[in-house]
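Asker: Residue numbers (this note's numbering): 4 to 138.
One structure is given below, represented as structure tokens, and several questions about it will come after.
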Amino acid sequence: ARARLGPRVRFTGRRPDVPEVLRALDVLVNASRAEPFGRSVLEAQASGVPVVATDAGGIPEFVSDGVTGLLVPPGDEAALAAAIDRLLEDEDLISIIEAAGRAQAEERFALETRYDLVAGVFRGAVSPLGRRRRW
Numbered sequence: 004a005r006a007r008l009g010p011r012v013r014f015t016g017r018r019p020d021v022p023e024v025l026r027a028l029d030v031l032v033n034a035s036r037a038e039p040f041g042r043s044v045l046e047a048q049a050s051g052v053p054v055v056a057t058d059a060g061g062i063p064e065f066v067s068d069g070v071t072g073l074l075v076p077p078g079d080e081a082a083l084a085a086a087i088d089r090l091l092e093d094e095d096l097i098s099i100i101e102a103a104g105r106a107q108a109e110e111r112f113a114l115e116t117r118y119d120l121v122a123g124v125f126r127g128a129v130s131p132l133g134r135r136r137r138w
């Protein structure tokens, strides 16, 4: 499969400079048919990169079509190409998606937010000292 991709696609392996690479993109495209979370999409949003992705798995949880990205049906290559064209031809839409995606990533997925949520789970799981159950 790699031989047919030509010189425009490179498989680089691990990269220590992912934020810089993402900021160099015009658009991030995630064409997964099944995607449990979509970390690359979230990283692109946090970097201010507009996203075109499939409406698969967990991606719709943080990509709202026309607001924080563009969504297309999984496996629909024509819709994917049309969404990429639509985005690249509309500077206003790019600005909306970049700003909304970055704001959402900062609000919902910042480390401080995650720490607070995990701490809340732990607080709820720990019973007061004098009321421990003994099995």
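Each residue gets a CB set at the ideal place from its N, CA and C atoms; glycine is no exception.
Since we're looking at a predicted model, the values are computed, not measured.
Note the first and the last residue of the continuous alpha helix (DSSP H) segment covering V124.
Answerer: Taken as a continuous stretch (DSSP letters only), the alpha helix (DSSP H) holding V124 covers L114 to A128.
Asker: Going by Cα to Cα distance, which pick from Q48, V121 and L74 is closest to S98?
Answerer: Out of Q48, V121 and L74, Q48 has the C-alpha closest to the C-alpha of S98.
Asker: Using the Cβ count rule (16 or more neighbours within 10 Å means buried), how would you classify A4?
Answerer: Here the model assigns A4 a pLDDT of 49, short of 50, so the residue's position is not dependable and the matter cannot be decided.
Asker: Expressed to the nearest angstrom, what Euclidean distance is found between the alpha-carbon atoms of R42 and A82?
Answerer: Cα to Cα, the separation comes out at about 22 Å.
Asker: Kindly give me the distance between the Cβ atoms of D29 and L74, rounded to whole angstroms, as I take these residues to be in contact under 8 Å.
Answerer: Not confirmed; about 18 Å, so no contact.
Asker: May I ask you to report which of helix, strand or coil DSSP gives V32?
Answerer: Of the three classes helix, strand and coil, the one that applies to V32 here is strand, per DSSP.
Asker: When burial is assigned at 16 or more other CB atoms within 10 Å of the CB, is L114 buried or exposed?
Answerer: Looking at its Cβ environment, which holds fewer than 16 other Cβ atoms inside 10 Å, L114 is exposed.
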